[in-house]
Each structure stands twice: as structure tokens, then as C-alpha cells.
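Participant: First, the structure itself, so that you have it in front of you.
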Amino acid sequence: MDLKAHYRKLYVESLEMIFADRYELDTLLDSKDDRRFGITLIIRPSDEVKEAIQSFLEALKKVEPYQYYYPSSDIHITVMSIISCYEGFNLETIDLPKYIELINKCLPKEQSLKIQFKGLTASNSCIMVQGFVENKLLNEIRNNLRVEFNASNLEQSLDKRYAIQTAHSTVVRFRKQFEQKDRFLKLIDYFSDYNFGSFEVKNLELVYNDWYQRKTFVKKLHQFEI
6 MDLKAHYRKL YVESLEMIFA DRYELDTLLD SKDDRRFGIT LIIRPSDEVK
56 EAIQSFLEAL KKVEPYQYYY PSSDIHITVM SIISCYEGFN LETIDLPKYI
106 ELINKCLPKE QSLKIQFKGL TASNSCIMVQ GFVENKLLNE IRNNLRVEFN
156 ASNLEQSLDK RYAIQTAHST VVRFRKQFEQ KDRFLKLIDY FSDYNFGSFE
206 VKNLELVYND WYQRKTFVKK LHQFEI
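Residues in the sequence shown are numbered consecutively from 6, following the numbering used here.
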């Protein structure tokens, strides 16, 4: 996959939809009845990268304060949704040590994984920071996970929503009608190629999480060193 072209295509198509008022609001963001939970393997960016992202988000907040902006504690890259969030998932019903053992088999030993956050992409419901990996290691991990989980009898829903191939991080979700949409889109355009920085991945986290990876609901289940 040409990741840069993929991100750009998403960006152009999505901004056209937002400009034409064909964007989607997430009606569950503020719902107290949202009971969707699952388990996910994630990467957390460095503090320096998160600080750069927050500076960008602060600029957006001044224009559109009522959208949902991810705090630094919640910013992440999804390596793989092991069990995609669904209502009624109970952590006590799975054999967690078996998941940890299987995931550990899929991870590289003493190999470098570096990610650059540069530029923005979008959907018609959110804004994402583009992530680029300097080698094929992330996709190798994902492919290993697919093979191992498909050969197991563990509950899983890998690639149920879509076959993940990117290294993006969602940082804004739309929850209210835009009040200053043109100014918001101008800021998005201004930051569309901004370099938020690079970081070397030292570990991956297996977490129990809600749909939005909010710190209030997230429980770290295991940390894998790479």
C-alpha cells in the first residue's frame, strides 16, 4: 500500500464531505449508556509528540470548542483490535494469560520500530494524525497476529471492521454541528503537512478499553517490551 497516497485520498474526499455539511456526529460520545468494551493492542506516542499534537488541538479548540479533542492520556495507535468493542463484553470470560502468551509469540525481539507523525488525514467524522513507519515491522506484527489468532480458539474479531494497515492516531471527533467550519478547515489545511515528530516504540500495551480509549475506562492488562 502507498500509505501517503492512501492518507491523501482520505483527506481530500473527507474534507469535501465536511465542507458540504455531509459530516457525521458521534452521538455516543456523551452517552452514559455506552457499554461498548473490548481489548486492544496499542502503541502510545512519546510525550514530545503528544505535546506537539496538543498545541495543534489547542488552536482548533479556540475555533470549535465543542468538538471532542483527545487528551494526551488517550492518544494512541491501534496495532490491532483483538476484540472489537461491543456491548456486553466481559473481561472475566476470557483466558487472559493465553492472549498474552499468543501475542508475545507475534512480537519481534530486538528490532527497532520507529514512527513519524507527519500531516493530517480525515474521515467525515474525525481528524487523524498520519503515522509513517520506517520499515515493515508493524505490518509483520499485524500479520503474525492474524495467523496466530486465526489458528487459535480464542475469542477475537481481528479485521472485523476493516483490515488495519495504517499507523494513524485519531485526535478529534465531531460531536456538535460546526459553528465556524470554514475557519476550522483552514486550520486543518494549515497543519495538513505539519511534522509532529518521531519516536521509537519501546513497548506495546494490551488494554481493556471503551470505544474511545478514555483513561477513565482503560485498564492496562499487559505491557510487551520490544
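Note that beta-carbon positions come from the ideal geometry of N, C-alpha and C, so glycine has one too.
Please report the straight-line C-alpha distance between ALA172 and ILE146, rounded to a whole angstrom.
Facilitator: Locating residue 172 in the sequence shown gives position 167, counting from the first residue. Locating residue 146 in the sequence shown gives position 141, counting from the first residue. Answer to the nearest angstrom: the Cα atoms are 13 Å apart.
Participant: Once DSSP output is grouped into helix, strand and coil, what is the label at GLN59?
Facilitator: Taking the sequence shown and counting its residues from 1, one reaches residue 59 at position 54. GLN59: helix per DSSP, three-state reduction.
Participant: Please list, in chain order, all residues of the same chain as GLN218 whose beta carbon is under 6 Å from its beta carbon, the five residues on each side excluded.
Facilitator: Position 213 of the sequence shown, counted from the start, is the residue given in the question as residue 218. Within the same chain, GLN218 has close Cβ partners ASP79, HIS81.
Participant: First and last residue of the alpha helix (DSSP H) that includes SER19?
Facilitator: Here residue 19 is taken as the residue at index 14 of the sequence shown, counted from 1. SER19 -> alpha helix (DSSP H) spans 8-24.
Participant: Please give me, in chain order, every unbroken run of the beta strand (DSSP E) with length at least 3 that falls completely inside the stretch 40-108.
Facilitator: 41-48, 82-92
Participant: Kindly list the residues whose CB is nearer than 8 Å to the CB of LEU62, restricted to its own chain and excluding five residues on each side of it in sequence; keep chain order.
Facilitator: In the sequence shown, the residue the question calls residue 62 occupies position 57. If we look at LEU62 and ignore the five residues flanking it on each side, its Cβ neighbours are TYR74, TYR75, VAL176, VAL177.
Participant: Between which two residues does the alpha helix (DSSP H) holding ARG147 run?
Facilitator: Reading the sequence shown from its first residue, position 142 is the one you call residue 147. Per DSSP, ARG147 belongs to the alpha helix (DSSP H) from 142-155.
Participant: Please classify TYR28: is it buried, with 16 or more other beta-carbons within 10 angstroms of its beta-carbon, or exposed?
Facilitator: Start at 1 with the first residue of the sequence shown, and residue 28 comes out as number 23. Buried: at least 16 other Cβ atoms inside 10 Å.
Participant: Expressed to the nearest angstrom, what Euclidean distance is found between the alpha-carbon atoms of PHE94 and ASN214?
Facilitator: Counting from 1 along the sequence shown, the entry for residue 94 is found at position 89. Counting from 1 along the sequence shown, the entry for residue 214 is found at position 209. So the alpha carbons of these two residues sit roughly 10 Å apart.
Participant: Just curious, the alpha helix (DSSP H) that TYR195 is in, first and last residue?
Facilitator: As a position in the sequence shown, residue 195 is number 190, starting the count at 1. Element bounds for TYR195: 186-195.
Participant: Give me the Cα-Cα distance between ILE31 and ARG180, rounded to the nearest whole angstrom.
Facilitator: Along the sequence shown, one-based indexing puts residue 31 at 26. Along the sequence shown, one-based indexing puts residue 180 at 175. Note on residue identity: the sequence assigns Asp, not Ile, to residue 31. Distance between the alpha carbons of ASP31 and ARG180 is about 5 Å.
Participant: From ASN140 to LEU118, what distance separates their C-alpha atoms?
Facilitator: In the sequence shown, the residue the question calls residue 140 occupies position 135. In the sequence shown, the residue the question calls residue 118 occupies position 113. Taking the straight line from one Cα to the other gives about 7 Å.
Participant: Using beta-carbon positions only, say whether PHE201 and ALA64 come within less than 7 Å of one another.
Facilitator: In the sequence shown, counting from the first residue as 1, residue 201 sits at position 196. In the sequence shown, counting from the first residue as 1, residue 64 sits at position 59. In this structure, ALA64 does not lie closer than 7 Å to PHE201 by Cβ.
Participant: Quick check on DSSP: helix, strand or coil for LYS224?
Facilitator: The residue you call residue 224 lines up with position 219 of the sequence shown. Strand, per DSSP.
Participant: Going by DSSP in three states, LYS110 sits in which element: helix, strand or coil?
Facilitator: One-based indexing of the sequence shown puts residue 110 at position 105. Correct three-state label for LYS110: helix.
Participant: Given that a residue counts as buried once 16 or more other Cβ atoms are within 10 Å of its Cβ, and exposed if not, what is MET133?
Facilitator: Translated into the one-based positions of the sequence shown, residue 133 becomes position 128. Buried: at least 16 other Cβ atoms inside 10 Å.
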